[in-house]
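**Q** Using the numbering used here, read the sequence shown as starting at 1 and increasing by one per residue.
Quick reminder that beta carbons are idealized off the backbone N, C-alpha and C, glycines included.
For reference, the structure I am asking about is given below.
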Amino acid sequence: MFFQQIVNGLTLGSIYALLALGYTMVYGILLMINFAHSEIFMVGAYCGFWILSILPVLNNYSGFILILVFLATLIISGILAMFIEKIAYKPLRRAPRLSPLISAIGVSIFLQNLIMLSVSFQSLPYPERFEIKQFQTTGIVINSLQIFIFCFAITLMILLHIFIRRTKLGKAMQATSQNHIVSQLMGINVNGIISLTFFIGGGLGGIAGILNGMYYGSIKYNMGFLPGIKAFTAAVLGGIGNIKGAMVGGFILGILEA
Numbered sequence: 001m002f003f004q005q006i007v008n009g010l011t012l013g014s015i016y017a018l019l020a021l022g023y024t025m026v027y028g029i030l031l032m033i034n035f036a037h038s039e040i041f042m043v044g045a046y047c048g049f050w051i052l053s054i055l056p057v058l059n060n061y062s063g064f065i066l067i068l069v070f071l072a073t074l075i076i077s078g079i080l081a082m083f084i085e086k087i088a089y090k091p092l093r094r095a096p097r098l099s100p101l102i103s104a105i106g107v108s109i110f111l112q113n114l115i116m117l118s119v120s121f122q123s124l125p126y127p128e129r130f131e132i133k134q135f136q137t138t139g140i141v142i143n144s145l146q147i148f149i150f151c152f153a154i155t156l157m158i159l160l161h162i163f164i165r166r167t168k169l170g171k172a173m174q175a176t177s178q179n180h181i182v183s184q185l186m187g188i189n190v191n192g193i194i195s196l197t198f199f200i201g202g203g204l205g206g207i208a209g210i211l212n213g214m215y216y217g218s219i220k221y222n223m224g225f226l227p228g229i230k231a232f233t234a235a236v237l238g239g240i241g242n243i244k245g246a247m248v249g250g251f252i253l254g255i256l257e258a
C-alpha cells in the first residue's frame, strides 16, 4: 500500500513540478508571483482537449497526435504567458508589489470567465485517444499513463536544466535573474529574456494541464485553482526562484498528497 501511494504521488508530483517551474522561473527573473499561471495551466488543458477532439481521423497515429498536441499547446500557452506579461506585468515593474499581484488576479478571473462563458461551465470529459495498459508487480499496480507522465515530465525537466546551464540564452537568463542593469550593460536584451522566461514557464504549465486532463479524465474552467496553489506551495517548499528546488518540491508535495 505504501509503495502504491509512492507511485501515485510521483505521478501527481510530476504535474505539480512542471507547474511549479513556471512560478519559480518568473520569480527568479522579476521577483514577482504570476498568479495567472494557474489559468495558463487550464488553457493548456483546453488546447489539448480541442486538438484531440478535432483530429479523430488520426487515431491510428497516436504518437504523431501526441507530439502535435504537446507542441501546439506549448506554443499557444507560451504565447499567452508572454501576452499576460506584456499587459499585466511590464507596465507595473516599477509599481508597488501589490499592483502586479492585483493585475495577475484580474487576468486569472478574466480567463476563467472567458472559458466558462465561451466553452462550458460544466466538466468536459477528456478525449481518450490512447490505450492504457496496467502492470502489476509485488502488489503495486501501475499503468502506462502514469509511466508516461513521470518519464515525460522528467525529460522536460532535464532538457530545461541543460538549456539553462549549457546555452547562451540560458546563461543570459541566469545573469538577468541576478541583475537587470548589469545584464543590459553586458548587451543582454533583458525584455527579451523576460519574455522567453514567461514563454517557457507558460509552455510547461500548458503541458502540465494536458497531463492533468489525461490523468483525471476531465477538465473544467476553474481546474487550475487548486493545482496552482499546490504548485506554488511546491515552489516555495523548494525555495522560490530555485528551479531544482521547484522540481523536488513538486514531487514531495505529490507524495504527501497521495
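(1) Following the continuous beta strand (DSSP E) through I140, name the residue where it begins and the one where it ends.
(2) Just checking my contact of G9 with A235 at CB under 8 Å: how many whole Å lie between their CB atoms?
(3) T137 bridges to which residues according to DSSP?
(4) Measure the alpha-carbon distance for A172 versus I193 and round it to whole angstroms.
(5) Can you name the start and end residues of the alpha helix (DSSP H) that Q122 belongs to?
(6) Among the candidates G209, V69, F148 and I40, whose CA atom is the shortest distance from the CA of I54?
(7) In whole angstroms, what separates the C-alpha of M1 from that of I210?
(8) Roughly how many whole angstroms lie between the Cα atoms of H37 and L31?
(9) Mind checking who S14 pairs with in its DSSP beta bridge?
(10) Quick one: what does DSSP say I262 is sitting in, helix, strand or coil?
(11) For R165, does the three-state DSSP call read helix, strand or coil?
(12) Considering only residues of the same chain and omitting the five flanking positions on each side of Q184, which have a CB-CB separation below 6 Å?
(13) If I'm right that P227 touches Y16 with Cβ under 8 Å, what's the distance once you round it to whole angstroms?
(14) If we require 3 or more residues per run, which beta strand (DSSP E) segments fall completely within the region 26-110?
(15) Around the C-beta of F49, are 16 or more other C-beta atoms found within 10 angstroms, so that it is buried, or is it exposed?
**A** Looking at the coordinates:
(1) I140 to N143
(2) Not quite, the Cβ-Cβ distance comes to about 17 Å (not below 8 Å), so this is no contact.
(3) I140
(4) 7 Å
(5) Unbroken run through Q122: none, as it is neither H nor E.
(6) V69
(7) 28 Å
(8) 15 Å
(9) Bridge partners of S14: none, in fact.
(10) It is not possible to answer for residue 262, since the shown part of the chain is limited to 1 through 258.
(11) helix
(12) V190
(13) 7 Å
(14) none
(15) Counting the other CB atoms within 10 Å of its CB gives F49 a total of 16 or more, which places it among the buried residues.
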